[in-house]
Amino acid sequence: MSDNGNGFEPRIVGFLCNWCTYTAADTAGVSRMKQTANVDIIRVMCSGRVDPTFILKAFVEGADGVIVSGCHPPGDCHYSTGNFKTFRRMPMVEALLEQYGIEKGRFHWGWISGAEAPKWARLVNEFTEQVRDLGPLDWKRQLQSKED
Amino acid sequence: MATLTINGLEVHAEEEQTVLEVARENGIEIPTLCYHPLLEPHGACRLCTVEIIRRGWPRLETACTYPAWDGIEVRTDSPPVREARKVILGLFLARCPEAPIIQELAREYGVTEPPFPPEDPDQKCILCGLCVRTCHDLVKAEVLNFSQRGIDRQVGPPFLEKTRQCIGCGACRIVCPTGAIEIALEDAAVYGAKPLGPTGAVWVPSMQAVPLIPMIDTDSCIHFRQLDRSEGRITDACQACQMLCEAEAIDFDQQDEILELDVGAIVVATGFEMWDPHGLPQYSYGKSPNIITGMEFERLSNSGGITGGDILTAEGEVPDRVAIIHCVGSRDHNAHVYCSRFCCMYSLKQAHLVREKTGAEVYEFYMDMRTFGKGYEEFYERLQEEGVTFIRGRGAEVEVLKDGQLRVKGDDADLGRLVQADVDMVILSTAIQAPHDADQIGSMLGLGRSEDGFYAEAHPKLRPVETNTEGVFLAGNAQGPKDVPDTVGQAGAAASMTLALLDKGEVTISPQVAVVDEELCSACKTCIPLCPYEAISFMDEEEVARVNEALCKGCGTCAAACPAGAIAARHFTTEQLLAQIEGLFRLPEEEPEEVEVERVPS
Ligand SMILES: Cc1cc2nc3c(=O)[nH]c(=O)nc-3n(C[C@H](O)[C@H](O)[C@H](O)COP(=O)(O)OP(=O)(O)OC[C@H]3O[C@@H](n4cnc5c(N)ncnc54)[C@H](O)[C@@H]3O)c2cc1C
Ligand code: SF4
Ligand code: FES
Chain C
1 MSDNGNGFEP RIVGFLCNWC TYTAADTAGV SRMKQTANVD IIRVMCSGRV
51 DPTFILKAFV EGADGVIVSG CHPPGDCHYS TGNFKTFRRM PMVEALLEQY
101 GIEKGRFHWG WISGAEAPKW ARLVNEFTEQ VRDLGPLDWK RQLQSKED
Chain A
1001 MATLTINGLE VHAEEEQTVL EVARENGIEI PTLCYHPLLE PHGACRLCTV
1051 EIIRRGWPRL ETACTYPAWD GIEVRTDSPP VREARKVILG LFLARCPEAP
1101 IIQELAREYG VTEPPFPPED PDQKCILCGL CVRTCHDLVK AEVLNFSQRG
1151 IDRQVGPPFL EKTRQCIGCG ACRIVCPTGA IEIALEDAAV YGAKPLGPTG
1201 AVWVPSMQAV PLIPMIDTDS CIHFRQLDRS EGRITDACQA CQMLCEAEAI
1251 DFDQQDEILE LDVGAIVVAT GFEMWDPHGL PQYSYGKSPN IITGMEFERL
1301 SNSGGITGGD ILTAEGEVPD RVAIIHCVGS RDHNAHVYCS RFCCMYSLKQ
1351 AHLVREKTGA EVYEFYMDMR TFGKGYEEFY ERLQEEGVTF IRGRGAEVEV
1401 LKDGQLRVKG DDADLGRLVQ ADVDMVILST AIQAPHDADQ IGSMLGLGRS
1451 EDGFYAEAHP KLRPVETNTE GVFLAGNAQG PKDVPDTVGQ AGAAASMTLA
1501 LLDKGEVTIS PQVAVVDEEL CSACKTCIPL CPYEAISFMD EEEVARVNEA
1551 LCKGCGTCAA ACPAGAIAAR HFTTEQLLAQ IEGLFRLPEE EPEEVEVERV
1601 PS
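Right under this line is the structure:
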C-alpha cells in the first residue's frame, strides 16, 4: 500500500457483478494496470444481488469506503434488468448513509463494463484518493461510543 | 402437334410456334435482324424470308411470323430465298453502308455494291423498330417511336429531345442489331464510381459466393425501377429473366421475410465492417478514383468484377507504378488503436497480383510486417525476390497532383529520411471494425464487447469460442480480426460445441440458483415481479413463493430484496457474503493457530 505521508491507508470494499465490473477488474489485474491496493473485491453474480445491508455491514466492519458497480443500463446486465434494481436501490442507500452521518464521498455506485478495465483502474485510484482525503471513518467505534 | 419439313428434314412443332422457332430448335439457321425471342415478331427486316410450299404453291414468307402449320414444306436456303435476301441486303447496304453486321451479311450473300448510292454514309439505323418494340413492350417506358414518313422516317424520343420518361436502361442499345444507338448518360456509371457494386442488374457478388445464386439488384433492374417510378402502376416491365429462366426460378414478388425460429444454440458470425478512410484526410481517399481501399482492389482484381479481373486505373490503363499503404486506420490513435491483423498478408497478396498481372513497380509502405501464419514469412520473402520495393515506415500522405498523378510521401525508418513515390494507383490497406449494429445484436444476445468493439469471448485463453451467454458461440471476425484459416478454425470449434450441446439433449444448469425457505416466507410476494425470468411463482395453496430451478439464472436479485430473508441465492447466500465482509476485517489478528508444516531441508 502506498502512503501519503499521514500514514492513513483507507480500506475499501467493492461489490462487483460477475459479468461486467468484475471482468473489468480481472482484466485490469491481468493487464497489470497500475492501481492502489486499497480495494477488496467481493464478487456477486449481479449488482442486483447487493442487499443494502451488505454496504452497511462493510462500514460497520471497518470499511472507509464502499463501491458498488455493475453493467451499464439499459441492456448490458447479464440478467437483463438486475442493474435497474441497483439503480433504484442505491439512491436509497445514499440517503440512508447521509442520515447515519457518513460522508457522500465514501460511497460510489455506477457502471463499468467488461471492456472498461482502464476505467476500473482509474476509479480505484481516484476513489482511494478521495477516501484518503476524508480520513478514517471508524464507524464501529462511533456506534459503540454512542451506545455507551 | 404439327409435322412439317424444313429443307427436307421432317420436324415437329407445338401449337403457336413459328417456322423460325421450329427451324432454330432443330439447328437450322435463318438470318434475322429485327427478331428477338422476348418480343412479338414483326417481320420488319424481312431477312428471315424463306420459301414455303403449302398445298403445292411456293411463296416467299417471313419465317419469324409464319405459323408452323401441319404439312407445309419450308426451304430456307433455296435459290429464290437467296435471291430475295440479296435484294434486301442490297437495300440495307444502300442505307447503312458502314454498319459492320450489314457489311458482313452482304458479303455472305455476295452483295458487293449497293443498288444505288448511299444517302448518308454514317447512317446505321435500318428502321426495323426492334428498339421501339423493346421500349414499349418490354421496358414499358414508351419513349422511342417512329416519326416522319418516307425517306425522312426515323426513330427517337419525341422531337428527338431528352425526356424524363427515358430511364436510361440501355435496353434499346442492347437489342439494336446494327449498333445504331448510343446512350448519353449524364451520370454514366464509370468504373471508380461504384467499384464494389453489381456489374449488371442480375449478378453474383463473386464466383466464390455461397450460395452461388444470382440475385437481382433492384436499383438497376428495369422491372423494379419501373415499378418504383410508376408508384406501383407498371407491374409488368421487362421480366426478361423470368421469360428466359427455364427453371422458372425467378419470383419478382419475393420479399425480405422475418422468420421466427426456436433454436437451441446460436453461433454469432457477423464478421467485420471496413473502416471508412475518409476519417484520415491525409490519404486523400475520394479525391481520386485511383485511390482505392484493399477491399475495392479485391473487387477490381476479381474475375467477376467490373474489369473482369484486369487491374486497370480509372482511365482504363494498366498502371506502371502502384503504392500500397499499410495500417490505414489501424494502430493509429486517431482511428483504431488495434492491429487489424490480416491486412499485412492481403497487402502482400495484392502486391503479388499487381506484379503478376501488370508488371507494375510496387511500393509497399509498412510499419511492421505481421506474417503470423504458417508459410506467411516465406511468402513475404518470395515477394522480396519478386522485386516489390518495401519501405519500412508509415505512408504519411497521398497527394493528388494537378495532372491526376498521385504522390505518396512517407518516412523511411531504415534510411532515416522522408521518401516519396509518384504512382498511378494507391491501395489503402484500411482497418476493419466491428459492424455498426454490433450493439443491437450484443444486447439481444447478452454479449459483452471488448475494448476494440468486437464481441468478448468467455475467457481470452481458455474459452475463446464461448460467450458469457450459455448456448451462444462466436466464430470469426465477430470476435476480432482474423484471416480465413483462423476464422475457419474457430467456426469449426463453434459448430462442434453447438452440436455437442444439441446432441446431449439436455442442458446442465448452474447450481447457483435461488431457493425459498418456505418456513420463513411471509407470502409478501415482493420477489415475484423482481425476477427477470419469471422463475418465482406463488403457491396459492401453501401460501409461499417457490423458485423454478430450471428457469432461475441465479442473479440473486430476489434474495437481496426479500424482507423476511427467506430467499437464499445458493453460493452467494447472505451468510456467505456477510462472512466474506467480516473476513476482510478480521485479519490477521484472529488467524487460526499455526499449522505444523513439514519443512523440506534445502
Ligand atoms: C481486402 C481484404 C482482403 C482479404 N484477403 C484475405 C486473404 O487473401 N486471405 C485470408 O485468409 N483472408 C483475407 N481477408 C480476411 C477475410 O476476409 C476474413 O478473414 C473473413 O472474411 C472473415 O470471415 P467472417 O465470416 O468472420 O466474416 P465476414 O466475411 O465479414 O462475414 C460475416 C457475414 O455476416 C453477415 N452479417 C453481418 N451482420 C449480420 C446480421 N446481423 N445478420 C445476418 N448476417 C449478418 C455479413 O453480411 C457477412 O456476410 C481479407 C480481408 C479483406 C478486408
Ligand atoms: S496487419 Fe499489418 S497492415 Fe494491418 S494493421 Fe496490423 S500491422 Fe498494419
Ligand atoms: S449482471 Fe452485471 S449488473 Fe446484472
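Those protein sequence lines, which keep their order, are chains C and A. Each residue of the first sequence is one higher than the last, beginning at 1 in this note's numbering. Each residue of the second sequence is one higher than the last, beginning at 1001 in this note's numbering. Think of the CB as a built atom: it goes at the ideal place given N, C-alpha and C, for glycine as much as any other residue. In this text, all values refer to a predicted model and were calculated from it rather than measured experimentally.
In the structure shown, threonine 1163(A) falls within a coil segment according to DSSP collapsed to helix, strand and coil.
Between glutamate 1466(A) and chain C, the shortest Cβ-Cβ separation is not below 7 Å. Neighbours of aspartate 40(C) across chain A, judged by C-beta separation under 8 Å: Leu1584. Between the region 1324-1338 of chain A and the region 1428-1445 of chain A there are three or more C-beta pairs closer than 8 Å, enough to call the two in contact. Interface criterion met: the Cβ of glycine 1554(A) is under 7 Å from a Cβ in chain C. Pairing threonine 1112(A) with alanine 1084(A) gives a Cβ-Cβ distance that is not under 7 Å. When secondary structure is reduced to three states using DSSP, glycine 14(C) falls in the strand class. If you check the CB distance, valine 131(C) and aspartate 40(C) do not come in under 7 Å. Short of 8 Å from the beta carbon of proline 52(C), and not among the five residues preceding or following it, lie these beta carbons of its own chain, in chain order: Arg89, Met92, Val93, Leu96. Judged by DSSP in its simplified three-state form, tyrosine 1035(A) adopts coil rather than helix or strand. Neighbours of glutamate 1451(A) across chain C, judged by C-beta separation under 7 Å: Ala115.
Secondary structure at valine 131(C): helix, using DSSP grouped into helix, strand and coil. Listed along the chain, the chain A residues whose CB falls inside 9 Å of the CB of alanine 58(C) are Ile1581, Leu1584, Phe1585. Within the region 1519-1552 of chain A, the complete beta strand (DSSP E) segments at least 3 residues long are 1536-1539, 1544-1547, listed from N- to C-terminus. Sequence-ordered contacts of the region 1554-1573 of chain A with chain C read Gly1554, Cys1555, Gly1556, Thr1557, Ala1559, Ala1560, Ala1561, Ala1569, Phe1572 [C-beta pairs closer than 8 Å]. Interface annotation for the region 1029-1061 of chain A against chain C: empty, criterion Cβ-Cβ distance under 7 Å. Judged by beta-carbon spacing, alanine 1351(A) lies within the 7 Å limit of glutamate 1364(A), meaning their Cβ atoms are closer than that value. In the displayed model, glutamate 94(C) falls within a helix according to three-state DSSP. Look at the region 79-98 of chain C: the residues with a C-beta under 7 Å from a C-beta of chain A are Tyr79, Ser80, Thr81, Gly82, Lys85. For threonine 86(C), no pairing in a beta bridge is given by DSSP. Between glycine 1448(A) and chain C, the shortest Cβ-Cβ separation is below 7 Å. Taking a Cβ-Cβ cut-off of 8 Å, valine 131(C) has no neighbours in chain A, whose nearest Cβ is about 15 Å from it. Taking 7 Å as the CB threshold, glycine 75(C) lines the interface with chain A. In the displayed model, glutamate 1246(A) falls within coil according to three-state DSSP, outside both helix and strand.
In this structure, the CA atom of alanine 1099(A) is about 14 Å from the CA atom of glutamate 1119(A). Here alanine 1180(A) is buried: its Cβ has 16 or more other Cβ atoms, across all protein chains shown, within 10 Å. Residue side-chain check: methionine 1369(A) keeps its Cβ at 6 Å or more from all non-hydrogen atoms of ligand 1.
For ligand 1, a non-hydrogen atom lies closer than 6 Å to the CB of alanine 1269(A). Non-local beta-carbon contacts of arginine 1463(A) in its own chain, meaning distances under 8 Å to residues more than five positions away in sequence, involve Glu1457 in chain order.
Excluding residues up to 5 positions away in sequence, Glu1518, Cys1521 lie with their Cβ nearer than 6 Å to the Cβ of valine 1544(A) in the same chain. Proline 1277(A) sits buried, since 16 or more C-beta atoms from the chains shown fall within 10 Å of its C-beta.
When the alpha-carbon of isoleucine 1088(A) is set against those of Leu1300(A), Gly1110(A), Glu1073(A), the nearest one is in Gly1110(A). Glycine 1476(A) has its Cβ nearer than 6 Å to a heavy atom of ligand 1. In the structure shown, proline 1058(A) falls within a strand segment according to DSSP collapsed to helix, strand and coil. Interface with chain C (7 Å Cβ-Cβ cutoff): proline 1532(A) is included. In the structure shown, the three-state DSSP call for glutamine 1154(A) is strand.
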